[in-house]
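Participant: Got a structure here, written out as C-alpha cells. Questions coming.
2 protein chains.
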Amino acid sequence: MKAKLEKLNEIGAEISDLSYAAAVLGWDQQVNMPPMGAEGRGNQLAALERLIHLKLTTPELGELLEDLIAETRDLDPDSDDVRMLKVSKRNYDQAVKVPPEFTAKVAKVTAMAFGAWHSARQENNFAKFQPYLQQIVELNQQFAGFFAPYDHVYDPLLDRFEPGMKTADVKAIFDALRPQQVELLQTIADAPQVDNSFLFLHYDEHKQWDFGVDVITHYGYDWMRGRQDKAPHPFTTNFGVNDVRITTRVDPDFLNPALFGTLHECGHALYELGVSPAYDRNALAGGASLAIHESQSRMYENLVGRSLPFWEFFYPRLQATFPQQLGNVDLHTFYKGINQVKPSLIRVEADEATYNLHIMLRMEVEIALMEGKLAVKDLPEVWNQKMQEYLGVTPHSDADGVLQDVHWAGGMIGYFSTYALGNLISVQLWQKILTEIPDLYDHIRAGKFESLLDWLGSNIHIHGKKFEPQELVQRVTGSKIDSAPYMQYLKDKFGQIYGI
Amino acid sequence: MKAKLEKLNEIGAEISDLSYAAAVLGWDQQVNMPPMGAEGRGNQLAALERLIHLKLTTPELGELLEDLIAETRDLDPDSDDVRMLKVSKRNYDQAVKVPPEFTAKVAKVTAMAFGAWHSARQENNFAKFQPYLQQIVELNQQFAGFFAPYDHVYDPLLDRFEPGMKTADVKAIFDALRPQQVELLQTIADAPQVDNSFLFLHYDEHKQWDFGVDVITHYGYDWMRGRQDKAPHPFTTNFGVNDVRITTRVDPDFLNPALFGTLHECGHALYELGVSPAYDRNALAGGASLAIHESQSRMYENLVGRSLPFWEFFYPRLQATFPQQLGNVDLHTFYKGINQVKPSLIRVEADEATYNLHIMLRMEVEIALMEGKLAVKDLPEVWNQKMQEYLGVTPHSDADGVLQDVHWAGGMIGYFSTYALGNLISVQLWQKILTEIPDLYDHIRAGKFESLLDWLGSNIHIHGKKFEPQELVQRVTGSKIDSAPYMQYLKDKFGQIYGI
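Chains as they are written, first to last, in the numbering used here: chain Z, 1 to 500; chain Y, 501 to 1000.
In C-alpha cells form, the structure reads like this:
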C-alpha cells in the first residue's frame, strides 16, 4: 500500500506541477502579456491542458485508485490519506466521464461565444449572443448527461464548483432567504437615504494602492509568499502554497474598487496561504470550494472591511492619506457611505443587502434553462421581470441586464450561486468566531488581525479540500449552510445604519 | 511525405509550446516570483523539462526524422523543410545521446555548486568552490564523451552554443587577435586618459528608465509584442515570435548599466522579433546561435549606441533629461567618456577594447581544464597571471578574479567565447551594412533606425536557425568569422578618441 500511495502522490504531484505551470501562464496572460502574445499563449495553455487531461485520465491512475480505496477501507475515514484518495477519485471520475471531444467542442464554442457576447453587450443586441447561449445551454445539458443518473439536471453543474451540493439544497436555502431580503430592501427604501458622494472624488491612484497594501499587510498577507499586480478583472491565483498572488484595479474617481477589491482578493489569498503545506502538490491542496473561498473573501471585504471597528482604526489613516477628499467627512458618515444600500442593475456593483438577489435571479433562470422550462429567446424578458420583482429596478437595456456577466459566455452554468452561498457561510463562521473570540472587535479596533487569521487558519484554511463544503460548515459551526444568520446580520447592520 | 512532415510539425509544435511555457516560468522566476515561491517553481520547471525531454527523445520522432531525411534527399538542401529536418535531427541526436541520469546528475551538482560558488565569492574563498568546479569539469568531460569521436574534447561543449563551430577555428581567430588587442591597449595606456566621472552622478531611476524606453522605441522595439521589466541580471526571453521580453537594471549612481543594458537587450529582442513567423513553433525558430545573437546585441549597444552619430541625435535629449548632471558636459566629452578604455578586473564592466581579452582568458583556461593540462586547484594562479599578461591588472582577490562569473557554477563550459565571437561578427556585419546603406550614419544622426533594422531583418533575423553561424556569416558577408574587421574598428575608433 505504501508503494502505491507513493506512486499516487508522484502522479498527483506531476498533475499539480503542470496545473500550477498553466496557472502561471494564465496569471501572466492577464497581468503582463503584450497584446500580440495571445495566440502563442493559447497554444501553450492548450498543450499543457492536453497533457494534464492525459495524466488525469490514465487507466494506471484509475487502477491505482481502485486498489488503494479497497486497501484503505479499514483506515480512519477522516485520515488525510483516505480523504486524499476520495478527492483524487472524484477528480479522476470527473475527468474520465467527460470525453476529450466534448471538452474540445466546449473550448471551440466558448471561444466564439466570448466574442459574440462581447459585441452583443457593446451593441446591446441580445440576438447576437442568443444562438451561442443556446449552444452553451445544450452543452451543459450534455455535460450533466455524463453524470446521469442525478436528482436534478443542474446537480452535476453545481457539483463542479461545490462538491457534494445539491440543487434542492441551494433552492431551499435561497427560497427561504429571498422574500426576507426583498422585504428588507423595501424597508430600507422607505427610510432616509445615506450619502456616499465623497467616494466619487478624485483619489490619487498610487495612494489608493498604498493604502490597500497597508490594510492587507495588517490582515497578515505574506509578501514573501505573494505579490499584488494590476489586472482589469481582479482575481487571486496560486502556484503552490508559497506563491499566492492577488490582483486589483484602481479607479482614480471612485474609492471602492481598489480598496474593497484588494480586501476581497486578500481574503482569497489568506485562505490559499493557510492550506496545510502537507497537502501541497496533492489533491487536497487549495480551497474546499468556490463558496468556502467566497466566504473568506467576503468576510475580509465586508464583515471586517465594511465594519465600524475596522474604520475606527483605519479611517484616521485614510483621512490623513486623502485630507482634501475626506478631511470634512466624519467616521460615521464615511461608514454609512460605504454601506449605502441602493438597488442597482449591475451585480458586481451591488451592496451587501442586494447582492444575493442578483445571484438568486441568475440561479433561477439557469435552472429553468437547464430544465428546458425557459427558452433562451425569452431570457431577457424573464430577467427584467425578476429584476423588477426582487430589486425594484428594470434594466434600460440588455447590456445592463442579461448580458452583463461573462460567465455564460465562458460556458459556466452553476457558478453564480457560490457567490451568495459564500456570503451566508461568512456570517455563520463570523458568529462562531465571535463566540470563541469574544473581544474580536476590540482586536480589529486596534488594527490587530492575528486572532482572526489564526482562527480561520486552524478551523478552515488548513484543511484545504479535505472536507466538502457542507461538511466543513457543519464541523465548524454545528449546522449546515443556513441563511438565517446572514439575514439577521443584514437586519442588524442596516437597521442600525438606516435607523429602522 | 506530407503526412509525415505534418506529424513532425505537430510534435515540434508541442515541444516548442512546452518550452515556451517553461520560459514563461523562468521569466517570472527572475522578474516577479516572491522569494518563497522558489521551491514550487523548481518542481514546476522540473516537471516541464522532464516532459520536454521525453518528447524530444521519443523513438517515434527518431524514426520519423530518419524517414523524412531519406525521403527529402532530392529536395533543395536550402529549402526550409530540409533545413528544419537537419536542425530537428541535430536536436534529437543531442537529446538522445545524453542519458537522463546524466542530466539529473548535472542538475543536482549545479544546484549545490551554485550555492558553493555564491558563498565562495562572498567569502573570497576559492577552496569552497574548488571541489564543485572539479565535478563540473569532470561532468563536462563526460558530456563530451557522449559525442565522441571528436577533433577536440572542447568541441562538443562549444557546439551546444555555436552549432558547427570547432575549437580549432575559435582558437585560430583568438590567437590572431589577442596580441593585437594587447598592443592596442598598451598604446592607449600611454596616451592622455579621458574623463568619465560625470557618469557616476545621481541619475533619477525613472528618468533613466524612460530614456532607455525612448531609445529602444526609436530602434523599433515593438511594444505590442514585448515589454520591459526590472531584473537583477538583465536578459531577453521569448515565448514565440510575438512575445519577446527584455529586462534591465537601473543603478541610480551610474548611468551606464540601465542605458547600455537596455540597448543591448533590445538588440537581442529585435533579433527574435524578426525571425520568420513561418518558423514559429518549429525547430528553426529563434536566433541561429549565441554568437549571432550577441552580434545583434553588441551592434545596438556599441556600434550604434556608443557611436558619435547616435549621440548627435540623442545627447540633446539626454542633456534635457539630466540638465544638472550633463548640462555642462559637451557632446564630445560625453562621447569620449562613455568610450573610456580602462583595463579592469570584471568582465561585465569591460569596455570594447578590453572585453575580448577577458573572454580569451576564460576560453584558454577552459580548454586547459578540459584537456587535463590545468588542475582546478591551480586555476586562480593561472587566472591572475593571464590577467596581468593580457590586461596589465592583477585581481586583489579571487572574488574579483576567477570567482566572478556564474557560468561555471551553472555547469556551462564553452559558453564564454560566444561573447567575443559576437563582437567580431557585429563589425563584419556592420561593414557590409555600410556598403549597402552608405548613408546609414546620416540615418542614425537623424534618429532613424528603420533602414538598419530592415537590413538585419532580411539578412539575419528572418532566417532564424536555418543556417549555422559560420554559414550565415559567410552568406551575408562573403567570409567566415574573422577578427580583422573588429581589430580595425577598435584601432579607428580608439585611435580617434585617444588621438593615437
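For each residue, glycine too, the CB sits at the ideal point set by N, CA and C.
Measure the alpha-carbon distance for glutamine 634 (chain Y) versus glycine 922 (chain Y) and round it to whole angstroms.
Facilitator: The count along the second sequence starts at 1 and reaches residue 634 (chain Y) at position 134. The count along the second sequence starts at 1 and reaches residue 922 (chain Y) at position 422. Whole-angstrom Cα-Cα distance: 29 Å.
Participant: If the cut is a Cβ gap below 8 Å, which residues of chain Z does phenylalanine 454 (chain Y) touch?
Facilitator: In the structure as shown, chain Y starts at 501 and stops at 1000, and residue 454 (chain Y) therefore has no counterpart that could be examined.
Participant: Is there a C-beta anywhere in chain Y that falls below 7 Å from the one on leucine 85 (chain Z)?
Facilitator: Position 85 of the first sequence, counted from the start, is the residue given in the question as residue 85 (chain Z). Not one chain Y Cβ lies under 7 Å of leucine 85 (chain Z).
Participant: For the 8 Å Cβ check, are there 3 or more pairs between the region 220–240 of chain Z and the region 25–35 of chain Z?
Facilitator: A contact exists between the region 220–240 of chain Z and the region 25–35 of chain Z.
Participant: From the DSSP output, read off the bridge partner residues of phenylalanine 754 (chain Y).
Facilitator: Start at 1 with the first residue of the second sequence, and residue 754 (chain Y) comes out as number 254. DSSP, once it has assigned bridges, lists Y:Asp751 as partnering phenylalanine 754 (chain Y).
Participant: Kindly confirm or deny that the region 756–763 of chain Y and the region 738–745 of chain Y touch, where touching means at least three C-beta pairs closer than 8 Å.
Facilitator: As far as the Cβ criterion goes, the region 756–763 of chain Y does not touch the region 738–745 of chain Y, which means the pair count is below three.
Participant: By the DSSP assignment, the beta strand (DSSP E) with lysine 230 (chain Z) in it spans what residues?
Facilitator: For this step, residue 230 (chain Z) is matched to residue 230 along the first sequence. Its beta strand (DSSP E) spans residues 228–230.
Participant: Could you please give the first and the last residue of the uninterrupted beta strand (DSSP E) stretch that includes threonine 918 (chain Y)?
Facilitator: Position 418 of the second sequence, counted from the first residue, corresponds to residue 918 (chain Y). It is not in any beta strand (DSSP E) - threonine 918 (chain Y) instead sits in the alpha helix (DSSP H) that spans 917–936.
Participant: Would you say alanine 285 (chain Z) faces chain Y, with C-beta separation under 7 Å as the test?
Facilitator: Stepping through the first sequence from its first residue, residue 285 (chain Z) is reached at position 285. It does not; no Cβ of chain Y falls within 7 Å.
Participant: Please compile the residues from chain Y whose C-beta is within a distance smaller than 7 Å of the C-beta of tyrosine 20 (chain Z).
Facilitator: Within the first sequence, numbered from 1, the residue matching residue 20 (chain Z) stands at position 20. By Cβ distance, chain Y contributes Gly540 and Gln544.
Participant: Does valine 882 (chain Y) get closer than 7 Å to chain Z when you measure Cβ to Cβ?
Facilitator: Position 382 of the second sequence, counted from the start, is the residue given in the question as residue 882 (chain Y). No, valine 882 (chain Y) lies away from the interface with chain Z (no Cβ there is under 7 Å from its Cβ).
Participant: Under 7 Å, Cβ to Cβ, is there at least one residue of chain Y near glycine 464 (chain Z)?
Facilitator: Residue mapping note: residue 464 (chain Z) aligns to position 464 of the first sequence, counting from 1. Chain Y, which has no Cβ nearer than 7 Å to the Cβ of glycine 464 (chain Z), makes this no.
Participant: Asparagine 509 (chain Y) lies in the alpha helix (DSSP H); which residues open and close that run?
Facilitator: Locating residue 509 (chain Y) in the second sequence gives position 9, where the first residue counts as 1. Segment 502–531, the alpha helix (DSSP H) holding asparagine 509 (chain Y).
Participant: Hey, does valine 24 (chain Z) have any beta-carbon neighbour from chain Y nearer than 7 Å?
Facilitator: One-based indexing of the first sequence puts residue 24 (chain Z) at position 24. With 7 Å as the cut-off, valine 24 (chain Z) counts as an interface residue toward chain Y.
Participant: Using 7 Å as the threshold, is the C-beta distance between glutamine 208 (chain Z) and valine 250 (chain Z) below it?
Facilitator: Within the first sequence, the letter at position 208 stands for residue 208 (chain Z). Within the first sequence, the letter at position 250 stands for residue 250 (chain Z). Yes, the Cβ-Cβ distance between glutamine 208 (chain Z) and valine 250 (chain Z) is below 7 Å.
Participant: If we ignore side chains and look at the alpha-carbon of each, how far apart do isoleucine 792 (chain Y) and valine 906 (chain Y) end up?
Facilitator: Locating residue 792 (chain Y) in the second sequence gives position 292, counting from the first residue. Locating residue 906 (chain Y) in the second sequence gives position 406, counting from the first residue. Rounded to whole angstroms, isoleucine 792 (chain Y) to valine 906 (chain Y) spans 22 Å at the Cα level.
Participant: Using only the alpha-carbon positions, how far apart do aspartate 695 (chain Y) and aspartate 830 (chain Y) sit?
Facilitator: Start at 1 with the first residue of the second sequence, and residue 695 (chain Y) comes out as number 195. Start at 1 with the first residue of the second sequence, and residue 830 (chain Y) comes out as number 330. Taking the straight line from one Cα to the other gives about 12 Å.
Participant: Here's a check: name, in chain order, each residue in its chain whose Cβ is nearer than 7 Å to the Cβ of phenylalanine 146 (chain Z), leaving out the five neighbours to either side.
Facilitator: Against the first sequence, residue 146 (chain Z) aligns to sequence position 146. Correct list, in chain order: Lys97 and Val98.
Participant: In the DSSP assignment, what are the bridge partners of arginine 245 (chain Z)?
Facilitator: Against the first sequence, residue 245 (chain Z) aligns to sequence position 245. In DSSP, arginine 245 (chain Z) forms a bridge with Z:Thr237.
Participant: Identify, in the order they occur along the chain, each residue of the same chain with its Cβ nearer than 6 Å to the Cβ of glutamate 971 (chain Y), setting aside the five sequence neighbours on each side.
Facilitator: As a first step, residue 971 (chain Y) must be located in the second sequence, where it is residue number 471. Hits under 6 Å: none found.
Participant: If the criterion is Cβ atoms closer than 7 Å, does the pair histidine 268 (chain Z) and serine 297 (chain Z) meet it?
Facilitator: In the first sequence, residue 268 (chain Z) corresponds to position 268, counting from 1. In the first sequence, residue 297 (chain Z) corresponds to position 297, counting from 1. The answer is yes: Cβ separation under 7 Å.
Participant: So with Cβ pairs under 7 Å, would you call glutamate 514 (chain Y) a contact of chain Z?
Facilitator: As a first step, residue 514 (chain Y) must be located in the second sequence, where it is residue number 14. Yes, glutamate 514 (chain Y) lies at the interface with chain Z (some Cβ there is under 7 Å from its Cβ).
Participant: Taking CB distances under 7 Å as the criterion, tell me whether alanine 607 (chain Y) reaches chain Z.
Facilitator: Start at 1 with the first residue of the second sequence, and residue 607 (chain Y) comes out as number 107. For alanine 607 (chain Y), the answer is no, since every Cβ of chain Z falls outside 7 Å of its Cβ.
Participant: Runs of 4 residues minimum, wholly inside the region 930–990 of chain Y: which ones carry the alpha helix (DSSP H) assignment?
Facilitator: With a minimum length of 4 residues, the continuous alpha helix (DSSP H) runs that stay inside the region 930–990 of chain Y are 940–945, 950–959 and 969–977.
Participant: Cβ atoms of aspartate 675 (chain Y) and lysine 666 (chain Y): under 7 Å apart, would you say?
Facilitator: The residue you call residue 666 (chain Y) lines up with position 166 of the second sequence. The residue you call residue 675 (chain Y) lines up with position 175 of the second sequence. No, Cβ-Cβ distance for lysine 666 (chain Y) and aspartate 675 (chain Y) is not below 7 Å.
Participant: Label methionine 1 (chain Z) either buried or exposed according to how many other C-beta atoms from any shown protein chain fall within 10 Å of its C-beta, with 16 as the threshold for buried.
Facilitator: Counted from its first residue, the first sequence places residue 1 (chain Z) at position 1. Looking at its Cβ environment, which holds fewer than 16 other Cβ atoms inside 10 Å, methionine 1 (chain Z) is exposed.
Participant: Are any of the Cβ atoms in chain Y nearer than 7 Å to that of aspartate 243 (chain Z)?
Facilitator: Here residue 243 (chain Z) corresponds to residue number 243 of the first sequence, with the count starting at 1. True, the Cβ-Cβ gap to chain Y drops below 7 Å.
Participant: Check whether the Cβ of glycine 726 (chain Y) lies closer than 7 Å to any Cβ atom in chain Z.
Facilitator: Taking the second sequence and counting its residues from 1, the one referred to as residue 726 (chain Y) is at position 226. Answer yes: the Cβ-Cβ gap between glycine 726 (chain Y) and chain Z drops below 7 Å somewhere.
Participant: What residues from chain Y crowd round tryptophan 223 (chain Z), counting only those whose CB sits closer than 8 Å?
Facilitator: By 1-based counting over the first sequence, the position of residue 223 (chain Z) is 223. The answer, in chain order, is Pro534.
Participant: Taking the alpha-carbon positions, what's the valine 953 (chain Y) to tyrosine 703 (chain Y) distance?
Facilitator: Position 453 of the second sequence, counted from the first residue, corresponds to residue 953 (chain Y). Position 203 of the second sequence, counted from the first residue, corresponds to residue 703 (chain Y). One detail in the question is off: residue 953 (chain Y) reads as leucine in this sequence, not valine. In a straight line, the C-alpha of leucine 953 (chain Y) is about 30 Å away from that of tyrosine 703 (chain Y).
Participant: Give every residue of the same chain whose Cβ lies closer than 7 Å to the Cβ of alanine 868 (chain Y), excluding the five residues on either side of it in the sequence, and list them in chain order.
Facilitator: Walking along the second sequence from the start, residue 868 (chain Y) turns up at place 368. Cβ neighbours of alanine 868 (chain Y) beyond the five flanking positions: Leu874.
Participant: Going by the beta-carbon positions, is the gap between glycine 786 (chain Y) and lysine 965 (chain Y) smaller than 7 Å?
Facilitator: Taking the second sequence and counting its residues from 1, the one referred to as residue 786 (chain Y) is at position 286. Taking the second sequence and counting its residues from 1, the one referred to as residue 965 (chain Y) is at position 465. Their beta carbons are under 7 Å apart, which means glycine 786 (chain Y) touches lysine 965 (chain Y) by this criterion.
Participant: List in chain order: all unbroken beta strand (DSSP E) runs of 3+ residues lying wholly within the region 810–883 of chain Y.
Facilitator: Whole beta strand (DSSP E) segments, 3+ residues: zero.
Participant: How is the alpha helix (DSSP H) around glutamine 1000 (chain Y) delimited, first residue to last?
Facilitator: Numbered from its first residue, the second sequence carries residue 1000 (chain Y) at position 500. In the sequence as presented, glutamine is not what sits at residue 1000 (chain Y); that position holds isoleucine. Counting along the chain, isoleucine 1000 (chain Y) falls outside any alpha helix (DSSP H), and DSSP gives it neither H nor E.
Participant: In chain Y, what lies closer than 9 Å to aspartate 17 (chain Z) by C-beta?
Facilitator: Stepping through the first sequence from its first residue, residue 17 (chain Z) is reached at position 17. What aspartate 17 (chain Z) touches in chain Y: Gly540, Asn543, Gln544, Leu545, Ala546, Ala547 and Leu548.
Participant: Compare the C-beta of aspartate 528 (chain Y) against all C-beta atoms of chain Z and say whether one is closer than 7 Å.
Facilitator: What you label residue 528 (chain Y) is simply residue 28 of the second sequence in a count that begins at 1. Chain Z contact via Cβ: present.
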